[in-house]
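Structure record follows, encoded as structure tokens.
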Amino acid sequence: MEKTVIGVVHLLPLPGSPEHTDLSAVIDKAVKDARAIEEGGADALILENYGDKPFLKEVGKETVAAMTVIACEVKRDVSIGLGINVLRNDAVAALAIAKAVNADFVRVNQLFFTSVSPEGILEGKAGEVMRYKKLVDCRAMIFADIAVKHAVHFASLEDYCLNAERSLADAVILTGKTTGGEVSLEELKYAKKTLKMPVLAGSGVNAENAARILKWCDGVIVGTYIKRGGLVDAERVRRIVRAAKG
402 MEKTVIGVVH LLPLPGSPEH TDLSAVIDKA VKDARAIEEG GADALILENY GDKPFLKEVG
462 KETVAAMTVI ACEVKRDVSI GLGINVLRND AVAALAIAKA VNADFVRVNQ LFFTSVSPEG
522 ILEGKAGEVM RYKKLVDCRA MIFADIAVKH AVHFASLEDY CLNAERSLAD AVILTGKTTG
582 GEVSLEELKY AKKTLKMPVL AGSGVNAENA ARILKWCDGV IVGTYIKRGG LVDAERVRRI
642 VRAAKG
């Protein structure tokens, strides 16, 4: 089975966030990064409001509007799959954007169970999210994090895996403890053996460890490694793709 490679476009600060300066600059960089991800041979990319620190658990209308505009520009410029992640945990906003731009998937950091994060308590809202998805007839797949990075979790990996299918997620993502932190191979193995849905590694993947990690999952989401000097480097994307697909 061929493995999937998804590159991350870390957006500059958006309107309404403390460090925002110029929306046109955000769009320009996002399009350049998206082009590099496509040029490098990745299967898809995901837009993430990474620059909006400190994050809100649920974002304002200005964030939804800006990300929709950016997603439209990116979709006009590249033809690979498109995903949306609205940090810190706004799945409804992500689905609204995905519906508007016909995105292929959304990422949800805390779809089910509860964690404590720097932004406060992240409560799983799978029931609300799935009902909204049905309401707006959004066809985007939902990729749900299991024990997401930058958070303290009370449910075990076993608990997450036992309840993943009840959340109606289409795939799950495992990460390390922090952005760029390598995911545990033992946790990947357990999830892959336990779950029927696709399992993705969502952090800490590089050209040196990609093949080893992909023995135990169906794909990788790569953001930190593929950047050079703040921009996505197509050659670094190629290295990941070669490691993943031979």
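For the sequence shown, the numbering used here assigns the number 402 to the initial residue and increments by one for each residue that follows. Cβ coordinates follow ideal geometry from the N, Cα and C atoms, glycine included. Since this is a predicted model, take the numbers as computed values, not measurements.
Straight-line gap, residue i to residue j (C-alpha atoms, nearest Å)
i, j, result
"Val-621", "Ile-547", "14 angstroms"
"Trp-617", "Leu-601", "9 angstroms"
"Phe-456", "Glu-524", "15 angstroms"
"Phe-513", "Ile-614", "25 angstroms"
"Leu-488", "Val-623", "17 angstroms"
"Asp-434", "Ala-467", "17 angstroms"
"Gly-582", "His-551", "10 angstroms"
"Leu-483", "Ala-499", "9 angstroms"
"Val-633", "Ser-418", "23 angstroms"
"Glu-529", "Val-470", "25 angstroms"
"Glu-566", "Val-584", "21 angstroms"
"Asn-486", "Asp-505", "12 angstroms"
"Leu-415", "Arg-477", "20 angstroms"
"Phe-555", "Lys-526", "16 angstroms"
"Thr-576", "Thr-422", "31 angstroms"
"Ile-574", "Lys-430", "26 angstroms"
"Ala-545", "Ser-568", "9 angstroms"
"Pro-519", "Gln-511", "14 angstroms"
"Asn-607", "Ala-426", "28 angstroms"
"Val-465", "Glu-440", "27 angstroms"
Buried or exposed by the 16-neighbour rule on C-beta atoms within 10 Å, applied to residue i
i, result
"Arg-629", "exposed"
"Ala-644", "buried"
"Glu-420", "exposed"
"Glu-449", "buried"
"Val-553", "exposed"
"Ser-480", "exposed"
"Lys-594", "exposed"
"Glu-636", "exposed"
"Leu-446", "buried"
"Lys-535", "exposed"
Contact set for residue i: own chain, Cβ-Cβ below 6 angstroms, skip 5 residues either direction
i, result
"Asp-571", "Met-542 and Ile-543"
"Gly-452", "Leu-412, Leu-413 and Pro-414"
Anticipated Cβ contact below 8 angstroms, residue i with residue j, distance rounded
i, j, result
"Val-502", "Ala-472", "4 angstroms"
"Asp-619", "Lys-404", "6 angstroms"
"Lys-458", "Gly-521", "6 angstroms"
"Val-642", "Ile-627", "The Cβ separation is near 10 angstroms, so there is no contact."
"Ile-428", "Glu-474", "5 angstroms"
"Val-406", "Asp-444", "5 angstroms"
Residues of its chain near residue i, where Cβ-Cβ distance is below 8 angstroms and the 5 sequence neighbours each way are ignored
i, result
"Asp-538", "Lys-500"
"Leu-558", "Ile-547, Ala-548, Glu-588, Tyr-591 and Ala-592"
"Val-579", "In the sequence on display, residue 579 carries Thr and not Val. Excluding sequence neighbours, Thr-579 sits near Lys-550, His-551 and Ser-604."
Own chain residues within Cβ distance below 7 angstroms of residue i, not counting five before or after
i, result
"Val-460", "Val-487, Asp-491 and Ala-494"
"Glu-609", "none"
"Tyr-561", "Phe-514, Ile-547 and Ala-548"
Cβ-heavy atom distance, residue i to the ligand MG, below 7 angstroms
i, result
"Asp-434", "Ligands in the displayed structure: none, and consequently the ligand MG is not present."
- Whole runs of the alpha helix (DSSP H) within the region 525 to 573, excluding any shorter than 4 residues: 527 to 536 and 558 to 564
- Which runs of the alpha helix (DSSP H) spanning at least 4 residues fall entirely within the region 403 to 439, listed in chain order? none
- In chain order, each alpha helix (DSSP H) run of at least 4 residues that lies wholly inside the region 476 to 513: 492 to 502
- Task: Let me know the alpha helix (DSSP H) ranges lying completely inside the region 610 to 635, each 4 residues or longer, listed in chain order.
- Result: 611 to 615
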